[in-house]
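Beneath this line is the structure, given in structure tokens, with notes to follow.
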Amino acid sequence: MIPDQTTANGYLLVLAIMLPVIGILLSLAAGGRYVERIAMVLLPVGLVIAAAIFGLVWRDQQSLVYIVGGWHPPLGVALRADGISAAMMLTTAIVICATGLFARGEFGQPRGSPEIRASQVFWILLLGIWSGLNTVVLGDDLFNLYVALELLTFAAVPLVSLKGYKETIKAALRYMLFALFGSVLYLLGTVLIYGAYGTLDIAMLSGRVHPEPVAWIAASLMTMGLLAKTALFPLHLWLPPAHAGAPAPGSAVLSALVVKGSFFLIVRLWFDAMPGLMNFASGQILGTLGAGAVIFGSVLALRQQRLKLLIAYSTIAQIGYLFFIFPLTAGNEPWDSVAWTGGWLQLFSHAFAKASMFMAAGLIAETLGHDRIAEFGGINRVIPITVIAFGLAGLSLMGVPPSGGFVAKWLLLLATVMEGQWWWAVVMLVGGLLAGGYVFMVLGKALGNASAPLKLATPVSRAREIVALTLALCAVLLGLVPLQPSELLQVGRPEVLGVIAR
Amino acid sequence: MTPPFILEIAFVILILAIAVGTLVARAAFTAVLLFMIYGLLIAIAWVRLSAVDVALTEAAIGGGLTGMLLLGAVARLRESEGSGEEPGLPTLLAAGTLCVLVSAALGTLVLSRPEVAPSLAPMVMDNLAQSALGNPVAAVLFVFRAFDTLLEKVVLLLALIGVWSLAPDRAWGGVPGLRLYAEPSSILVFLAQLLPPIGIMIGIYMFWTGASYPGGAFQGGTVLAAMWLLVMIARLQPVPAISLRRIRLLLVVGPVIFVAIGLLGFVVADAFLAYPADYAKPLIITAEATLTLSIGVTLGLLVAGPPDRIPQP
Amino acid sequence: MNSIALFAYCGAAMVGLGLFGLITKPQVLRKILAFNVLGTGVFLLFGVIARRGAAAGLHSDPVPQALVITGIVVAFSATTMAVVLLLRLYAQTGEATLDSDDPPNAGTDGGR
Amino acid sequence: MTLTLNIFTIVAVSAGSFFFMAGTIGLLRFPDTMTRLHALTKVDNLGLGLIVFGLLPRAEGPLGALKLLCIWVFVQLSGAIVSQLVAQLARRDGQQR
């Protein structure tokens, strides 16, 4: 379906992007204590907008479209919310709001004191990430999406180096270089596409792109660039120090959402802009990289001694699962949408679970003054809610019921059986076992007895523990989704996925 | 082969040679100098490609501001950037092969469909009258794809926040650590007194003429930024503390007005970032004028770097 | 071969050069320079496409030109941020390369 | 008339190019900073000056001619100032690089 007219309520899409932008501008102008207040006002409003868009797409089973400035593509730029964008936006909004609540304690600005660097910067960057992500999921123009990606990068990198230690500066610099490499490759693909097809509008491209060398090279370059930003194995080197080095709320957003932004664009590219290009081989290549990530990330996570690094390596592994979407939907049976739904559920449940885990890790580190897993004994008596949150989030990573992760992995397994591609199932099962290994490694220590009396550094507030728990519960609640292809996630998709690929 | 074409070939070889030089130069200072020359040559290449707007941008930003930024960096690194571990031969070979393949693929593919030569030029020209601007590039930037331009302003501001975020905690709100020229009696002071009036006029002219001819807010803003930096380096104007309210307001005034005009489009025109037919030109000029100012301040502060001096109470 | 093709090859070669430098140079400053060479190469390809799309009385398609102007500004912002990160790293550690790979222990502060 | 102007342009631009060439060779071959600066000023002043002069008859109207002259004046200005700065530095360092 080519979006050619602004639909009713399409203005919500503009608001979803502009609201955080307005927040950034006001925060910069006002400064001081206003920065946090502005965020606190805008977060719930943004959540309501995201929920409204989600509700409308669900109710009408139809994409929302907005033609910016009234100039139609290819001259102008369109925004489009289909099923996956709506779901992704709602997930983003929930995680960002939770992060905002969680960060209040850490990044507050006391009355009367001069501006605090970390607090001023954090809130603006949080809003920056939000507007970047919303543009990424709504954009329908490849260059507009490039600007959105940069928006995301420029908000994410300073978050990594916010603490200012030399390790985090190094991590941020490495992240920056990877991200620049990624965006420039993406742009290279864009120029090839414009040169060959004369438009950058995704909906228009879907009808024009044919399997031919220029399309293949453009798609490969863009995919490579986006993979570097998604940190898919073997381009993952930058992720662990970056995600582990950021302050806990920052890590939560980076791991739960930011890497998914570039993944989302890979899906847009292969399924929406160039649906005719996906074939068995390309699906297998992406799937193999994903499998490598699952095994490699999980094994390395098991070998970590620090909690935040463990969680960061687990992110690498969990991102790997997402890439099973590609091989498992490359065929043309109607069952394809099982893998489609499974993959997206994996994305959403991982977002909630991982944000919750990083928050829990932050709370544990604050309580103990360190995050060495070996010395966690007895922590469950001090901050039981946090440990429960970590455990529930862990269920989802392992894929144990009841959890969103279980439904996601179950659907993906089902798809491997239906597609006859059993080899992915082996990887998933091994990955699940390894995830169980590292989650229980942490829980085992946390639930065990203290070898020495615990020295507590800072008490943490109950409210922040509850935020972490709520996100973990969101991941669990996703487990109530029926075990079947979701209709919402297919809104705006070609009738049956893969039909064009034949 | 016509003589101009032979000259062009020589020109392209020169560009590539300097690009190679930039990458292999042993001293960082040499590499940066070569890069600045490279930026200016690229600007000429843009003129050859009939893209004067881009040439102006490239000359101002690619040759000018980037060069200044990198020279400042080299001065601070004091040539001690270290040699690092050069990758081994297998890596070099693999990387080399990959890059040659990419280049070859691009060279053959970018013009692989000469029979189509897709272009939006006719569509732009058809709608130019409606856009109220005479310069087609400006029409794309501020009318047809105004949304990109707006978001890019936000990118610029986020980059500035990112740069500021690297300040030490105690210096937040303080004065950026721009390197100032030490000798007050220097001829540089004379230049900083003589040039800014002319430069500011050129900056404003570039933005003003940009509506109809090559030029525009970016190019004008860059010239303003350069003048501001010159005056600061020569110590004729103090480097402002980043907590100053007027600096913050200057940073956001352009984007705020642009957003406001965009939102106004919901009410008075029929879409976000649409301009009502009767007032299109004055609205766009207002947005561009304030954007020129904000871009100038943002670029200047980006080059000035993170604050490193504690704010005076 | 004509002038458009010539600049197309020039842009393609610049992309290769920049990519090579970005991958193989150990010093961050050189990586940043290489990124800029790579970036200008990509922009030049946009320019080639624009020049080829000359039509309707214009010598060059204005849409890619506008995209390049946006791109140049974004690339400049990226360069600034990378340079400032590099200078901060150098000020704190005296290093200007990334290859001295200390084991990723970015939690030494206690993970807070 | 046209022929005279053309010959004038050709002669002036060629002479300008000669000074460019000579200045560049000087920059590369001269032994120390001061003499190199000396070579450079010839490029700025005479080289560019003659080329601008030669192109004046071909300018589009008086405004175009004015712009051409402006280019020359600005290059003069920046050249003079940069030479001063370089010379100052060279003298302060006391070394002949």
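Chains as they are written, first to last, in our numbering: chain A, 61 to 562; chain B, 1481 to 1793; chain C, 33 to 144; chain D, 91 to 187.
Yeah, the Cβ is synthetic: ideal placement off N, Cα and C, and Gly gets one too.
Name the residue from the options whose alpha carbon lies nearest to the alpha carbon of residue i.
i	options	result
Pro17(A)	Leu187(A), Leu86(A) and Pro444(A)	Because chain A here runs from 61 to 562, residue 17(A) falls outside it and cannot be looked at.
Pro1694(B)	Val1643(B), Thr1537(B), Leu1638(B) and Ala1585(B)	Thr1537(B)
Met338(A)	Gly285(A), Ser266(A), Leu407(A) and Lys320(A)	Ser266(A)
Ser322(A)	Val196(A), Gly165(A) and Ala99(A)	Val196(A)
Leu1668(B)	Leu175(D), Ala180(D), Leu179(D) and Arg181(D)	Leu175(D)
Leu51(C)	Val69(C), Phe108(C), Ala37(C) and Pro58(C)	Val69(C)
Val1617(B)	Ile1680(B), Leu1630(B), Gly1690(B) and Leu1638(B)	Gly1690(B)
Pro387(A)	Gly285(A), Trp298(A), Ala475(A) and Val220(A)	Ala475(A)
Pro80(A)	Trp482(A), Gly70(A), Met100(A) and Gln65(A)	Met100(A)
Leu1569(B)	Thr129(C), Ala45(C), Thr56(C) and Cys42(C)	Thr56(C)
Val502(A)	Ala434(A), Ala239(A) and Val527(A)	Ala434(A)
Ile1790(B)	Val1534(B), Trp1652(B) and Leu1591(B)	Trp1652(B)
Ala333(A)	Ser311(A), Ala399(A), Thr250(A) and Ser191(A)	Thr250(A)
Pro335(A)	Gly539(A), Gly168(A), Thr389(A) and Leu211(A)	Thr389(A)
Gly71(C)	Arg83(C), Gln59(C) and Cys42(C)	Cys42(C)
Thr401(A)	Ser179(A), Gly168(A), His132(A) and Arg553(A)	Arg553(A)
Leu107(A)	Leu135(A), Glu426(A), Leu73(A) and Gln544(A)	Leu73(A)
Regarding residue i and the ligand PLP, is the C-beta to nearest heavy atom distance less than 6 Å?
i	result
Leu1513(B)	What this structure holds is no ligand at all, so the ligand PLP is not there to describe.
Residues of chain C with CB under 7 Å from residue i, in chain order?
i	result
Ala1575(B)	Phe52, Ile55 and Thr56
Phe203(A)	Leu99
Leu1549(B)	Thr111, Thr112 and Val115
Ile345(A)	By Cβ distance, chain C contributes nothing, its closest Cβ being about 21 Å from Ile345(A), past 7 Å.
Can you pull the chain B residues whose beta carbon is under 8 Å from the beta carbon of residue i, in chain order?
i	result
Leu175(D)	Ser1666, Ile1667 and Leu1668
Residues of chain B with a CB under 7 Å from the CB of residue i: which are they?
i	result
Glu210(A)	Val1635
Lys72(C)	The residue you asked about is not Lys; residue 72(C) is Thr in the sequence shown. The answer, in chain order, is Ile1522 and Gly1542.
Phe108(C)	Ile1541, Leu1545 and Thr1546
What residues of chain A sit near residue i, judged by a beta carbon separation below 9 Å?
i	result
Ile1641(B)	Ile84, Leu88, Gln180, Val181, Ile184, Leu185, Gly188, Phe214, Ala215 and Pro218
Pro1567(B)	Here the premise fails: no neighbours, minimum Cβ distance about 14 Å.
Gly1653(B)	Gly91, Pro174, Glu175, Arg177 and Gln180
Val1462(B)	Residue numbering for chain B in the displayed model covers 1481 to 1793; residue 1462(B) lies beyond these limits and cannot be assessed.
At a CB-CB cut-off below 9 Å, which residues of chain B make contact with residue i?
i	result
Met78(A)	Leu1630, Val1739, Gly1742, Leu1743 and Phe1752
Val196(A)	Residues of chain B passing the Cβ test: none, with the nearest at roughly 11 Å.
Ile277(A)	Val1582, Ala1585, Leu1586 and Leu1589
In chain A, which residues lie less than 8 Å from residue i when you measure between Cβ atoms?
i	result
Phe39(C)	Result: empty, since nearest Cβ-Cβ is about 13 Å, beyond 8 Å.
Could you name the residues of chain D that residue i contacts, counting a contact when the two beta carbons are closer than 7 Å?
i	result
Leu1671(B)	Ile171
Below 7 Å on C-beta distance, what does residue i contact in chain A?
i	result
Leu148(C)	Outside the displayed span of chain C (33 to 144) sits residue 148(C), for which this structure offers no information.
Residue i versus chain C: which residues are under 9 Å apart at the beta carbon?
i	result
Gly1679(B)	Residues of chain C passing the Cβ test: none, with the nearest at roughly 19 Å.
Val487(A)	Result: empty, since nearest Cβ-Cβ is about 25 Å, beyond 9 Å.
So with CB distances below 8 Å, who are the chain C contacts of residue i?
i	result
Arg234(A)	Leu130
- Message: So, does the region 302 to 316 of chain A touch the region 345 to 358 of chain A, judging by three or more C-beta pairs under 8 Å?
- Response: Short answer: they don't touch.
- Task: Report yes or no: do the region 403 to 421 of chain A and the region 358 to 373 of chain A share at least 3 C-beta pairs separated by less than 8 Å?
- Result: Segments in contact, yes.
- Item | Within the region 60 to 109 of chain C, ranges of the beta strand (DSSP E) (whole runs, at least 3 residues) | Correct list: empty.
- Query: If contact means a Cβ-Cβ distance below 7 Å, which residues of the region 154 to 173 of chain D contact chain B?
  - Reply: So the list reads Ile171, given in the order they occur along the chain.
- Task: Could you run through the region 110 to 134 of chain A and flag, in chain order, every residue whose CB is less than 8 Å away from some CB of chain B?
- Result: Along the region 110 to 134 of chain A, going in chain order, the ones with a CB nearer than 8 Å to a CB of chain B are Tyr126, Ile127, Val128, Gly129, Gly130, Trp131 and Pro134.
- Selection of the region 1578 to 1599 of chain B by Cβ proximity to chain A, strictly under 9 Å: Those would be Val1582, Ala1585, Leu1586, Thr1588, Leu1589, Val1590, Leu1591, Ser1592, Arg1593, Val1596, Ala1597, Pro1598 and Ser1599, in chain order.
- Counting pairs of Cβ atoms below 8 Å between the region 455 to 465 of chain A and the region 514 to 523 of chain A, do you hit three or more? Three or more Cβ pairs closer than 8 Å define a contact, and the region 455 to 465 of chain A falls short of that threshold against the region 514 to 523 of chain A.
- Message: Three or more C-beta pairs under 8 Å: does that hold for the region 1598 to 1611 of chain B against the region 86 to 101 of chain C?
- Response: The region 1598 to 1611 of chain B and the region 86 to 101 of chain C touch, with no fewer than 3 CB-CB distances between them shorter than 8 Å.
- Message: With three or more beta-carbon pairs closer than 8 Å as the criterion, would you say the region 220 to 228 of chain A touches the region 1646 to 1657 of chain B?
- Response: Because the criterion of three Cβ pairs below 8 Å is met, the region 220 to 228 of chain A and the region 1646 to 1657 of chain B touch.
- Ignoring anything shorter than 4 residues or poking outside the region 262 to 288 of chain A, list the alpha helix (DSSP H) runs there in chain order. Listed in chain order, the complete alpha helix (DSSP H) runs (minimum 4 residues) inside the region 262 to 288 of chain A are 262 to 268.
- Runs of alpha helix (DSSP H) lying entirely within the region 191 to 225 of chain A, each at least 4 residues, in chain order: Counting only runs of 4 or more, we get 202 to 220.
- Query: Using 8 Å as the Cβ pair cut-off and three pairs as the minimum, do the region 145 to 157 of chain A and the region 403 to 419 of chain A touch?
  - Reply: With the cut-off at 8 Å, the region 145 to 157 of chain A and the region 403 to 419 of chain A touch.
- Query: Which residues, in order along the region 1769 to 1787 of chain B, keep a beta-carbon less than 7 Å from a beta-carbon of chain A?
  - Reply: Along the region 1769 to 1787 of chain B, there is no position whose C-beta sits under 7 Å from a C-beta of chain A.
- Query: With contact counted as at least three CB pairs below 8 Å, one residue from each stretch, are the region 89 to 102 of chain C and the region 33 to 41 of chain C in contact?
  - Reply: Proximity of the region 89 to 102 of chain C to the region 33 to 41 of chain C falls short of the contact definition, fewer than three beta-carbon pairs being nearer than 8 Å.
- Give a yes or no on contact between the region 350 to 360 of chain A and the region 489 to 500 of chain A, applying the rule of three or more CB pairs nearer than 8 Å. With a cut-off of 8 Å, the region 489 to 500 of chain A and the region 350 to 360 of chain A count as touching, because enough Cβ pairs lie within range.
- Message: My parser needs the alpha helix (DSSP H) runs of 4 or more residues fully inside the region 332 to 418 of chain A; what are they?
- Response: Contiguous alpha helix (DSSP H) elements confined to the region 332 to 418 of chain A occur at 340 to 362, 367 to 382 and 385 to 389, taking only those with 4 or more residues.
- Message: Does the contact criterion of 3 or more C-beta pairs under 8 Å hold for the region 246 to 261 of chain A versus the region 201 to 208 of chain A?
- Response: Yes: the two stretches touch, three or more of their Cβ pairs being nearer than 8 Å.
- Query: Any chance the region 326 to 335 of chain A sits against the region 461 to 471 of chain A, with 3 or more Cβ pairs inside 8 Å?
  - Reply: They do not touch, by the three-pair rule.
- Task: Jot down the residue ranges of each uninterrupted beta strand (DSSP E) in the region 483 to 526 of chain A, minimum 3 residues, whole runs only, in chain order.
- Result: Complete beta strand (DSSP E) runs here, min 3: none at all.
- Query: Would you say the region 104 to 121 of chain C touches the region 225 to 240 of chain A, given that touching needs at least three Cβ pairs under 8 Å?
  - Reply: Put simply, the region 104 to 121 of chain C touches the region 225 to 240 of chain A. At least three CB pairs are less than 8 Å apart.
- Given a limit of 7 Å on CB to CB distance, which residues of the region 73 to 97 of chain C reach chain A? Listed in chain order, the positions of the region 73 to 97 of chain C with a beta carbon within less than 7 Å of a beta carbon of chain A are Val74, Leu77, Phe78, Ile81 and Pro96.
- Query: Any chance the region 274 to 285 of chain A sits against the region 112 to 126 of chain A, with 3 or more Cβ pairs inside 8 Å?
  - Reply: Contact fails: fewer than three Cβ-Cβ distances are below 8 Å.
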